[in-house]
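Participant: Sequence order for the protein chains is Z and S. Using the working numbering, the first residue of the first sequence is number 1, and each one after it goes up by one. Using the working numbering, the first residue of the second sequence is number 270, and each one after it goes up by one. Glycine is no exception: its CB is placed at the ideal position from the N, C-alpha and C atoms.
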Amino acid sequence: MNKANRLPFYLGLSFVIVLLSMMFISLFYTPYEPNAIDPNNRLATPSLAHPFGTDNFGRDILSRVMVGTQTAFLIGTTTVMIGLSIGFILGACAGYFGGWLDELLMRFIDAMLAFPGILLAIMLIAVFEAGMKNTIIALGIMSIPAFARVIRSSFIQYKSYDFVKASIAKGAGAFHIILKHIFPNAISPILVVSSLSFSGSILAESGLSYLGLGVQPPDPSWGRMLKEAQPYIESAPWYVIIVGSIITIMVLGFNLLSDGLRDIQDRKA
Amino acid sequence: MKPLIEIENIKKFYKQKRTNIFEKPSFVKAVNGISLTLYEGEAFGLVGESGCGKSTTGQLIIQLMKQTDGTIRYKGKDVSTFSPKQLKAWRKEVQIVFQDPYSSLNPKKTIKWILNEPLALHRIGGKAYRDEKIIQTLKEVGLDTSFLYRYPHELSGGQRQRVAIAAAIILEPQFMVIDEGVSALDVSVQAQIINLLKELQEKYSLTYLFISHDLNIVQYFCDRIAVMYMGEIVELGTTEEIGAYPKHPYTQALFSAIPTIGNKQSPTKLKGDIPDTSDPPCGCTFHPRCPHAFERCKLEKPITMTISKGHEAACHLIKLEKEKMR
């Protein structure tokens, strides 16, 4: 109906598709070996040979950014998977069964929300050790409350629908109702939260890596690249700008996508 | 006639949220002591204003919610003593059709899935048998196989209600609650659905509990009628008796409000609205609105009196009348 409203969705989708294709290409091909050091070519300005220039060790920034998308997508997907699966179980139980179980689970979620997410991640990493695995676990736990709340509210909403009651009257158990009746109807809000949580996790990972707590070398990470670029902000400003822009595009892309999804879903309702 | 369902003094109270902790907990008495017997093969109508507890009663009978008090017996067996396995087997025999055909079908599932679901839940037959049964049932409710792979949003209200009925009868139940089953439909479609329900009743010797606020339909469709007011049955009897000689002032008011052609008699108007169900009036709950209320109505709750065989009502006037006659 209204074309202007769809623009953010398509803009977000195109950002995400560009980054996604960058990731797929990087699996087979990068212009240079991302970790190859070239001391003669340090902090080269962007040129045809190095479209994004080179970093302080003479490594090709484009290749490293491309490989960085792998890390970003890996972190995003796995944290969403952790958050979604645990959040689904908690939210579905709380919403469907209600009563004291709902109270208990939701107070637990409230307690998790009261913790600043990034602080929780830093704490977890400090107790265990920095690295890809612990970053994913920490960010996954961080994203549970958002999923649990949205899933709980959809469950409360659909639980009272007549088709659910009719199914109970036909002999359906809780498991059947949750998986066959409520979940298919709750997919769109779950998608919105998933894409939001995806970008949030990537941003949080960049933040952690910038602090040196996230992904450790030699795995390339945008956050760490940003940190490495910082001392050369005056001599090689493109380094910071390029890496920063890529992170922005990724986060913006997913946020626009989730906003667009919500708009489309609202209009349907 | 054999009794199929016997309800004895069932109650459903909802606790209200307290606004401060020193307050006494108050209850909304949605259903306040109903006793009924439904006989095999009859269509029993339950009428009353919205909010009087008719739907709650229907959902209590098929155990979609648990009663606060009282017993429900199905073929002589107390439903609340059923084990989970027995309960599931019993669910095959009692079904419900809801008012709003737009929310009673899962929007994400095809008609075939919706009709297959009850069969799958009870593990009836193999794939070939189920497919055949689905097509057969669709035909019975007046739909053809082109509907199989459609989604509910592609259907009209009447077609959806037919699907909802098909999903209910596919298990060949003995008892069905029709909870305002035709109220959301156009008048012409209402007639079609009512006739469909009648056909099915003959074919499967179904027993219906027909919940409605439309007296015309209830009079056409039902053998017996109970009138509910504020969670209680105020009058019960055969359709003919109640239609011709309503005894309770509330029933009289309801029936006088049916629009008729050529009848110049103005309907009895009731004062005010239904009172707050968490704080019902003392004595007879109907007295603040009753045109014939007298002193005793405020003090004493009327007991149910038998007027003639199978016709009973709860009103002090009836007792007075009887005393006069003596």
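In three-state terms, what does DSSP make of residue 394(S)?
Facilitator: coil
Participant: Since residue 212(Z) meets chain S, which of its residues come closer than 7 angstroms, beta carbon to beta carbon?
Facilitator: In chain order: nothing, as chain S lies at least about 46 angstroms away.
Participant: How many angstroms separate the CA atom of residue 407(S) from the CA atom of residue 262(Z)?
Facilitator: 37 angstroms
Participant: Taking only the alpha-carbon atoms, compute the straight-line gap between residue 1(Z) and residue 8(Z) and give it to the nearest angstrom.
Facilitator: At residue 1(Z) the pLDDT is 47, less than 50, meaning the model places this residue with poor confidence and gives no usable figure here.
Participant: What residue ranges within the region 433-479 of chain S form continuous beta strand (DSSP E) runs of no fewer than 3 residues, ordered along the chain?
Facilitator: Runs found: 444-448.
Participant: Compare the C-beta of residue 162(Z) with all C-beta atoms of chain S and state if any pair is closer than 7 angstroms.
Facilitator: yes
Participant: Which residues of chain S have a Cβ atom closer than 7 angstroms to the Cβ of residue 189(Z), listed in chain order?
Facilitator: By Cβ distance, chain S contributes nothing, its closest Cβ being about 14 angstroms from residue 189(Z), past 7 angstroms.
Participant: Please determine, among 338(S), 494(S), 284(S), 303(S), the residue with the shortest C-alpha to C-alpha distance to residue 500(S).
Facilitator: 303(S)
Participant: At 4 residues or longer, and completely inside the region 505-561 of chain S: list those alpha helix (DSSP H) runs for me, N to C.
Facilitator: 508-513, 518-525
Participant: Give the DSSP-derived three-state secondary structure of residue 50(Z) in the structure shown.
Facilitator: coil
Participant: Quick one: what's got a C-beta closer than 8 angstroms to residue 456(S)'s C-beta in the same chain, skipping five residues either side?
Facilitator: none
Participant: Drop a sphere of 10 angstroms on the beta-carbon of residue 372(S), count the other beta-carbons inside from all chains shown, and report buried for 16 or more, exposed for fewer.
Facilitator: buried
Participant: From residue 423(S) to residue 169(Z), what distance separates their C-alpha atoms?
Facilitator: 25 angstroms
Participant: Taking 7 angstroms as the limit between beta carbons, can you name the residues of its chain near residue 133(Z), skipping five residues before and five after?
Facilitator: Once the five neighbours on either side are set aside, residue 133(Z) has no close Cβ partner at all.
Participant: Can you list, in chain order, the residues of its chain with a C-beta nearer than 6 angstroms to that of residue 277(S)? Leave out the 5 residues immediately preceding and following it.
Facilitator: 304, 339, 340
Participant: Assuming the contact rule is C-beta atoms closer than 8 angstroms, residue 420(S) and residue 381(S) should be a hit. Round their C-beta distance to whole Å, please.
Facilitator: Going by Cβ atoms, the distance from residue 420(S) to residue 381(S) rounds to 10 angstroms, so no, they are not a contact pair.
Participant: Report yes if the C-beta of residue 525(S) is less than 6 angstroms from at least one heavy atom of the ligand ATP; otherwise report no.
Facilitator: The ligand ATP is not among the ligands present in this structure, which contains no ligands whatsoever.
Participant: With 16 other CB atoms within 10 Å as the buried threshold, where does residue 317(S) fall?
Facilitator: buried
Participant: Counting Cβ pairs, one atom from each stretch, are 3 or more of them under 8 angstroms apart for the region 472-492 of chain S and the region 546-560 of chain S?
Facilitator: no
Participant: Does the count of Cβ pairs from the region 38-49 of chain Z and the region 220-229 of chain Z closer than 8 angstroms reach three?
Facilitator: no
Participant: Threshold first: 4 residues or longer. Then list the alpha helix (DSSP H) segments lying entirely within the region 283-367 of chain S, N to C.
Facilitator: 323-330, 353-360
Participant: When Cβ atoms are compared, which residues of the region 492-524 of chain S fall closer than 9 angstroms to chain Z?
Facilitator: From the region 492-524 of chain S, no residue has a Cβ closer than 9 angstroms to chain Z.
Participant: Taking its Cβ as the centre, do 16 or more other Cβ atoms sit within 10 Å of residue 558(S), making it buried, or is it exposed?
Facilitator: buried
Participant: At the level of alpha carbons, what is the spacing between residue 86(Z) and residue 144(Z)?
Facilitator: Between the alpha carbons of residue 86(Z) and residue 144(Z) lies a gap of roughly 7 angstroms.
Participant: Does the beta-carbon distance from residue 454(S) to residue 411(S) come in below 7 angstroms?
Facilitator: no
Participant: Given residue 428(S), which residues of its chain have a CB within under 8 angstroms of its CB, disregarding the five upstream and five downstream residues?
Facilitator: 412, 416
Participant: Is the separation between the beta-carbon of residue 124(Z) and that of residue 142(Z) shorter than 7 angstroms?
Facilitator: no
Participant: If you check the beta carbons only, do residue 312(S) and residue 490(S) fall under 7 angstroms apart?
Facilitator: yes
Participant: Using 8 angstroms as the cut-off, can you tell me whether the region 187-195 of chain Z makes contact with the region 385-401 of chain S, which would need three or more C-beta pairs spanning the two stretches below that distance?
Facilitator: no
Participant: Quick check: the region 65-75 of chain Z against the region 22-30 of chain Z, are there 3 or more CB pairs under 8 angstroms?
Facilitator: Put simply, the region 65-75 of chain Z touches the region 22-30 of chain Z. At least three CB pairs are less than 8 angstroms apart.
Participant: Helix, strand or coil for residue 181(Z) per DSSP?
Facilitator: helix
Participant: Can you find a C-beta in chain S that's less than 7 angstroms from the C-beta of residue 165(Z)?
Facilitator: yes
Participant: Measuring CA to CA, which of 439(S), 356(S), 502(S), 368(S) is closest to residue 322(S)?
Facilitator: Considering only alpha carbons, the answer is 502(S).
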